[in-house]
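Everything below concerns the one structure shown next.
Numbering (my numbering), first residue to last: 6 to 117.
Rendered as structure tokens:
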């Protein structure tokens with residue numbers, strides 16, 4: 006068994022310049038916890054694999070393709086491979102989301 010204290014993980018360097026911590030990384034999948042402070046957002050980008058997002062805390066706005074929705078805790082959002090997507094925190098509290106890429110990408114994310 007392996008237990009990971011997410012809060013103690015280092016913040017990873019990323020093109021969005023936000024708090025992103027790799028929680029799980031194997032040959033089969035990657036999971037990252039992203040924390041967006043009020044007013045922060047991710048740049049629109051494309052991932053080469055399917056992604057699902059599980060909202061841990063707060064309210065956030067997700068844009069996938071031409072759809073935009075506000076989501077909150079305990080909601081799961083699916084994002085197909087190669088579709089532009091991004092997250093916004095337009096609230097006045099912290100927003101945290103678990104990002105899971107399955108399978109693990111073999112090429113990088115493309116910032117648009």
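Backbone N, C-alpha and C fix where the C-beta goes; we use that ideal spot for every residue, glycine too.
Take residue 14, set aside five residues on each side of it, and the residues of its chain with a beta-carbon closer than 6 Å to its own are 26, in chain order. Following the DSSP letters along the chain, one finds residue 24 inside the beta strand (DSSP E) bounded by residues 24 to 30. In the structure shown, residue 39 adopts extended strand secondary structure according to DSSP, grouped into three states. Its chain contains 43 as the residues whose beta carbon lies nearer than 7 Å to that of residue 97, once the 5 sequence neighbours on both sides are disregarded; these appear in chain order. Annotated three-state conformation of residue 98 is coil, per DSSP. Spanning the alpha carbons of residue 91 and residue 103 requires a straight line of approximately 14 Å.
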